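**Q**
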């Protein structure tokens with residue numbers, strides 16, 4: 014442990030930010046989390062792979078998630094092969110593995126609440142810039158409430174890549190421009206969920222996130238994006254809520270770690286939701302960034318070695334998922350991957 018260390022500044026209190034905070038706090042490193050809005054705040058629902066349970070247990074928040082009463086599921090109904098079939102997650106001696114249909118507003122709040130209980134400082138402020146030391150090391154951030162100095166800055170603020178843009182780090186794109194439109198409907202729906210089905214222009218996901226409340230997601234290239242009033246044909250008789258859209262073009266900043274900073278979650282890498290690893294990758298990257306900061310601040314590991322370790326680890330994971338998704342899209346002749 015390092016005495017009287019400056020806090021690590023975490024931009025964003027979503028899953029990656031909460032995971033980073035909990036990891037740092039377990040090593041008695043102070044944390045300041047910057048969020049633009051009060052918790053709980055809206056985020057789209059998420060399907061969580063069963064593998065997330067071991068991470069939540071490591072963070073000491075598994076019981077808080079298990080007690081939430083989220084809808085559980087044993088696998089996904091997939092139409093990628095041309096015919097719909099059930100693809101289970103697997104099983105072990107304790108029975109079938111089950112994922113969660115998490116309500117992100119609630120899920121995020123449960124995680125950040127635990128970080129706050131364990132000592133994290135939660136500040137409602139907007140980050141407007143970054144400042145560096147004479148050597149070029151990131152030394153803190155400028156906020157709507159003034160400057161905040163930190164031992165490190167971790168950007169967990171999402172796909173706007175705010176820290177990368179402030180540091181003028183190039184963001185490399187690896188796919189055509191892809192857009193996800195998503196929304197919710199209420200009512201009775203008899204088809205099995207969660208399900209994913211491709212067609213000539215993209216794919217559609219439907220999942221029951223609460224009893225009789227379904228989330229749908231439609232991913233297409235930007236030139237084929239659906240209108241704001243679009244609904245999957247099978248859901249058009251149900252009561253719809255307003256839809257929203259997000260840029261899910263595959264991308265990654267050229268550098269995700271450097272002197273005084275790490276990028277985690279969507280701030281570090283974006284893939285479209287078919288990767289099914291969004292929250293898993295967010296939590297793991299937040300934990301890994303925090304672990305390497307602990308290695309540097311508490312164990313004396315070299316800062317450059319820690320940054321390089323993280324860069325190589327995340328780039329390897331991103332490349333693996335990219336290759337898997339490219340193969341699936343090539344087989345479905347989607348998004349130009351049939352070339």
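Residue numbers (this note's numbering): 14 to 352.
Using N, Cα and C, we set each Cβ at its ideal position, and we do this for glycine too.
In this text, all values refer to a predicted model and were calculated from it rather than measured experimentally.
1) Got a sec? Which residues, its chain only, sit under 7 Å from residue 64 by beta carbon, not counting five neighbours each side?
2) Which residue's Cα is closest to the Cα of residue 254: 260, 243 and 262?
3) Residue 151 and residue 140 look like a contact to me (Cβ under 8 Å); what is the Cβ gap, rounded to whole Å?
4) Taking 7 Å as the limit between beta carbons, can you name the residues of its chain near residue 354, skipping five residues before and five after?
5) Could you tell me whether the Cβ atoms of residue 271 and residue 169 are closer together than 8 Å?
6) Since residue 221 and residue 114 are thought to touch, with beta carbons under 8 Å apart, how far apart are those beta carbons, to the nearest angstrom?
7) Straight-line CA distance for residue 286 to residue 33?
8) Counting only the same chain and skipping the five closest in sequence on each side, list residues whose C-beta sits under 7 Å from that of residue 201.
9) Closest to residue 26 by C-alpha separation, out of 318, 134 and 345, would be which residue?
10) Quick one: give me the first and last residue of the beta strand (DSSP E) that residue 230 is part of.
11) Tell me whether residue 110 sits in a helix, a strand or coil according to DSSP, three-state version.
12) What does a CB cutoff of less than 7 Å around residue 349 pick up in its chain, not counting 5 residues either side in sequence?
13) Check whether the stretch 246 to 264 and the stretch 192 to 209 touch, using three or more Cβ-Cβ pairs below 8 Å as the test.
14) Using alpha carbons as the reference points, say which of 37, 28 and 129 lies closest to residue 310.
**A** According to the data block:
1) For the purposes of this step, residue 64 is taken as the residue at position 51 of the chain shown. Residues of the same chain with a CB within less than 7 Å of the CB of residue 64, apart from the 5 flanking positions on each side, are 293 in chain order.
2) As a first step, residue 254 is located in the chain shown; it is residue number 241 there, counting from the start. When only C-alpha atoms are compared, the closest one is 243.
3) Within the chain shown, residue 151 is the residue found at index 138, counting from 1. Within the chain shown, residue 140 is the residue found at index 127, counting from 1. Not really, about 12 Å apart at Cβ, beyond 8 Å.
4) Residue 354 lies beyond the range of the chain shown here (14 to 352); nothing can be said about it.
5) What you label residue 271 is simply residue 258 of the chain shown in a count that begins at 1. What you label residue 169 is simply residue 156 of the chain shown in a count that begins at 1. With contacts defined as CB atoms closer than 8 Å, residue 271 and residue 169 fail to qualify as a contacting pair.
6) Locating residue 221 in the chain shown gives position 208, where the first residue counts as 1. Locating residue 114 in the chain shown gives position 101, where the first residue counts as 1. The Cβ separation is near 7 Å, so the contact holds.
7) By one-based count along the chain shown, residue 286 stands at place 273. By one-based count along the chain shown, residue 33 stands at place 20. Within the model, the alpha-carbon separation for residue 286 versus residue 33 is close to 22 Å.
8) Counting from one through the chain shown, the residue named residue 201 turns up at place 188. Apart from sequence neighbours up to five positions away, the residues of its chain that approach residue 201 with a beta-carbon distance below 7 Å are 225, ordered along the chain.
9) Here residue 26 refers to the residue found at position 13 of the chain shown. Of the listed residues, the one whose Cα sits closest to residue 26 is 134.
10) Sequence index remark: in the chain shown, residue 230 carries index 217 (1-based). Membership of residue 230 in the beta strand (DSSP E) is indicated by the continuous run 226 to 234.
11) Counted from its first residue, the chain shown places residue 110 at position 97. If DSSP states are grouped into helix, strand and coil, residue 110 belongs with coil.
12) In the chain shown, residue 349 corresponds to position 336, counting from 1. For residue 349, where only same-chain residues beyond five positions count, the Cβ hits under 7 Å are 189.
13) With the cut-off at 8 Å, the stretch 246 to 264 and the stretch 192 to 209 touch.
14) Within the chain shown, the letter at position 297 stands for residue 310. A check of alpha carbon separations from residue 310 across 37, 28 and 129 identifies 37 as the nearest.
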